[in-house]
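A short write-up of the structure that comes next.
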Amino acid sequence: MAFIGDADPFTAAIPATKVELTVSCRNLLDRDTFSKSDPRSKHCGRRLHPSCVTVVLPSSSARRSDGGLAVTCTTEVIDNTLNPDFVRKFILDYFFEERQNLRFDLYDLDCKSDNLSKHDFLGQAFCTLGEIVGSLGGRLEKPLIGIPGKKCGTIIVRAEELSNCRESVMLQFCGNKLDKKDFFGKSDPFLVFYRSNEDGSYTICHKTEVVKNTLDPVWQAFKIPVRALCNGDYDRSIKVEVYDWDRDGGHDFIGEFSTSYREMSRSQSQFHIYEVLNPKKKGKKKKKYQNSGTVTLLSCLVDTELSFLDYIRGGTQINFTVAIDFTASNGNPSQPTSLHYMSPYQMNDYAMALRAVGEIIQDYDSDKMFPALGFGAKLPPDGRVSHEFPLNGNPQNPYCSGIEGVMEAYYQSLKSVRLYGPTHFSPVINHVARLVHLSHGLKHGGQRSQSDRVVVRPGSKGRSAGCL
85 MAFIGDADPF TAAIPATKVE LTVSCRNLLD RDTFSKSDPR SKHCGRRLHP
135 SCVTVVLPSS SARRSDGGLA VTCTTEVIDN TLNPDFVRKF ILDYFFEERQ
185 NLRFDLYDLD CKSDNLSKHD FLGQAFCTLG EIVGSLGGRL EKPLIGIPGK
235 KCGTIIVRAE ELSNCRESVM LQFCGNKLDK KDFFGKSDPF LVFYRSNEDG
285 SYTICHKTEV VKNTLDPVWQ AFKIPVRALC NGDYDRSIKV EVYDWDRDGG
335 HDFIGEFSTS YREMSRSQSQ FHIYEVLNPK KKGKKKKKYQ NSGTVTLLSC
385 LVDTELSFLD YIRGGTQINF TVAIDFTASN GNPSQPTSLH YMSPYQMNDY
435 AMALRAVGEI IQDYDSDKMF PALGFGAKLP PDGRVSHEFP LNGNPQNPYC
485 SGIEGVMEAY YQSLKSVRLY GPTHFSPVIN HVARLVHLSH GLKHGGQRSQ
535 SDRVVVRPGS KGRSAGCL
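Each residue of the sequence shown is one higher than the one before, counting from 85 in the working numbering.
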């Protein structure tokens, strides 16, 4: 599934609504001599980007360094058809108060080149995201333009607001005794899944692979977001069509069946068999038609994507450990150019980095006792170089109380140690590993624990402190 950039939390006035765009075309211009066109949709801003069949938003965040518009999304290529229904979706942030201009370009891809000039242009359409959302049923149909004197067909774009459903499902199907459609052999069956829309129409959401020359196919298991199947409405109808694949794109319809996500999820402990029915055959009264075979749901495994909040609510504790770089590359602490310089007017880079990270993380640690270590310095009284020393001077108990305790220990260390080198991370990393092992050994009742290590050292070219 294709995505377009998320809203910038520092510039967006309100959280964005996410909408999913589905693209279809009808009666495309046939540019191929011996076969139908192989279309791929491109949706872009005012300027064409040299990349195959894509989608962009004309916003400042999408601009390239050369001033053009970045190309961010593509549809798949569908072989030999003038009426494609693209499976790949475009997910956009929708802002009611903004005019979000869009452009869709269609190309017939005749080779693997990324240079669009090597492919046949099929037409384009302009609109705004608001125009799609505001259309009746969220469905916008526009003529394709761009080739003088030619009718390029139409593009159909459907918008639907996405739910917050975070479940995914792994599905596997097999067929049994499907209708034979090929004259010289058995069928080459594949499945096409559609979710129903509020206006009674259907939107394609998945295609399986083709299983060649069999009436009893077993399709590979596939994982799909539940919102793609039903947008979080477990009782929404899901239509599945069964086809026999043909090389020329004129796939033969075998039959169809309907289900819902709720019905499929109930089948986790047992197989669920669906009759494949062809309405045309079923409507003929004189024939003793029963079905065109069956499709069996072999497995339905539901997986919920857990958020950070889910882990916290489940009892996860975050154990926070700090390690600070005391190597000479930081500069002489007595000089204002040093990252360790202690100004009476403001915090140095290390102190700011510690506070910025620590004040956030300490809220998720129940005891707020943080091990704080240093490395790369000569220690008193003998001047030995250490790459693993406690900032509070207590090797048996390097824990500091809260981020303020870490800051105080850091300031005290600056007064007593001498910056040296070289930079060795491994001793403090091994120290944290030992603490994690000890912490897990003391846990009871299956409580989860997440250990975070923050190594504060010079940033790019030594100009600022950064966290690893």
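The beta carbon of each residue, even a glycine, is placed where N, CA and C say it ideally should be.
Beta-carbon gap between residue i and residue j smaller than 8 Å
i: Ala412; j: Leu503; result: yes
i: Phe257; j: Trp329; result: no
i: Leu385; j: Val253; result: yes
i: Asn260; j: Thr380; result: yes
i: Pro506; j: Gly477; result: no
i: Lys235; j: Ser280; result: no
i: Glu340; j: Val326; result: yes
i: Leu246; j: Val406; result: no
i: Phe473; j: Gly458; result: yes
i: Gly333; j: Asn164; result: yes
i: Gly269; j: Arg110; result: no
i: Tyr494; j: Met426; result: no
i: Lys364; j: Lys371; result: no
i: Tyr613; j: Phe174; result: Outside the displayed range of the chain (85 to 552) lies residue 613, so it cannot be described from this structure.
i: Ile308; j: His335; result: no
Under the three-state DSSP convention, the category residue i falls into
i: Asp433; result: helix
i: His356; result: strand
i: Lys196; result: coil
i: Lys102; result: strand
i: Ala493; result: helix
i: Gly151; result: In this prediction, Gly151 has a pLDDT of 42, which is less than 50 and means its spatial position is unreliable; what the coordinates show is noted afterwards. It is coil, neither helix nor strand.
i: Tyr373; result: coil
i: Gly222; result: helix
i: Leu498; result: helix
i: Gln401; result: strand
i: Lys527; result: Note that Lys527 scores a pLDDT of 48, beneath 50, so its modelled location is shaky; the value from the coordinates is reported in the next line. Note: Lys527 maps to coil in three-state DSSP.
i: Ser201; result: helix
i: Phe53; result: Here the chain comprises residues numbered 85 to 552, so residue 53 is not present and cannot be evaluated.
i: Pro142; result: With a pLDDT of 47 at Pro142, under the threshold of 50, the modelled position of this residue cannot be trusted, and the question is left open.
i: Gln419; result: coil
i: Phe392; result: helix
i: Pro134; result: With a pLDDT of 23 at Pro134, under the threshold of 50, the modelled position of that residue is not reliable, and the figure given next carries that caveat. Pro134 falls in the coil class under three-state DSSP.
i: Val217; result: helix
i: Phe87; result: The pLDDT assigned to Phe87 is 39, lower than 50, so where the model puts this residue is not dependable; a value taken from the coordinates is nonetheless given after this. Looking at Phe87 - three-state DSSP - the assignment turns out to be strand.
i: Tyr483; result: strand
i: Pro232; result: coil
i: Ile162; result: coil
i: Lys366; result: helix
Cα-Cα separation, residue i to residue j
i: Glu424; j: Gly399; result: The sequence as given places His at residue 424; Glu does not occur at that position. Distance between the alpha carbons of His424 and Gly399 is about 37 Å.
i: Tyr345; j: Arg311; result: 10 Å
i: Asp394; j: Cys249; result: 14 Å
i: Gly233; j: Ile240; result: 22 Å
i: Cys484; j: Pro455; result: 6 Å
i: Leu105; j: Gln374; result: 38 Å
i: Ser376; j: Ile338; result: 7 Å
i: Asp189; j: Tyr434; result: 50 Å
i: Lys226; j: Ile487; result: 59 Å
i: Asp319; j: Leu313; result: 11 Å
i: Ser197; j: Tyr429; result: 59 Å
i: Thr212; j: Ser383; result: 41 Å
i: Asn414; j: Ile513; result: 21 Å
i: Lys499; j: Val469; result: 16 Å
i: Thr388; j: Ser349; result: 13 Å
i: Pro417; j: Ala440; result: 21 Å
i: Ala209; j: Lys296; result: 37 Å
i: Ser219; j: Leu390; result: 35 Å
i: Thr101; j: Ile162; result: 30 Å
i: Lys265; j: Phe277; result: 20 Å
i: Leu186; j: His356; result: 43 Å
i: Arg331; j: Val294; result: 11 Å
i: Val444; j: Val516; result: Just to set this straight, residue 444 is Ile in the shown sequence, not Val. Rounded to whole angstroms, Ile444 to Val516 spans 20 Å at the Cα level.
i: Asp300; j: Asp272; result: 10 Å
i: Asn432; j: Phe179; result: 40 Å
i: Phe267; j: Leu275; result: 21 Å
i: Glu609; j: Glu182; result: For the chain, the structure presents residues 85 to 552; residue 609 sits outside this window and is missing.
i: Leu228; j: Asp317; result: 34 Å
i: Asp409; j: Ser422; result: 12 Å
Nearest-angstrom beta carbon gap, residue j and residue i [assumed within contact, 8 Å]
i: Thr287; j: Phe306; result: About 17 Å; that fails the 8 Å criterion.
i: Asn207; j: Gly230; result: Per the sequence shown, the amino acid found at residue 207 is Gly instead of Asn. Their Cβ separation, rounded to whole angstroms, is 5 Å, which keeps Gly207 and Gly230 in contact under 8 Å.
i: Leu262; j: Val171; result: Contact flag wrong, Cβ pair sits at about 22 Å.
i: Phe392; j: Asp449; result: No, Phe392 and Asp449 are not in contact; Cβ-Cβ is about 14 Å, not under 8 Å.
i: Thr159; j: Val107; result: 6 Å
i: His471; j: His521; result: So it is not a contact: roughly 20 Å between Cβ atoms.
i: Asp114; j: Leu193; result: At roughly 14 Å, the Cβ-Cβ gap does not stay under 8 Å, so Asp114 and Leu193 are not in contact.
Practice prompt. Please list the segments of the beta strand (DSSP E) lying wholly inside the segment 268-352, counting only runs of 3 or more residues, in order along the chain.
Written response: 273-280, 286-291, 306-309, 321-328, 336-344
Discussion item. What ranges does the beta strand (DSSP E) occupy inside the segment 165-197, keeping only unbroken runs of at least 3 residues that lie completely in it?
Written reply: 174-178, 185-192
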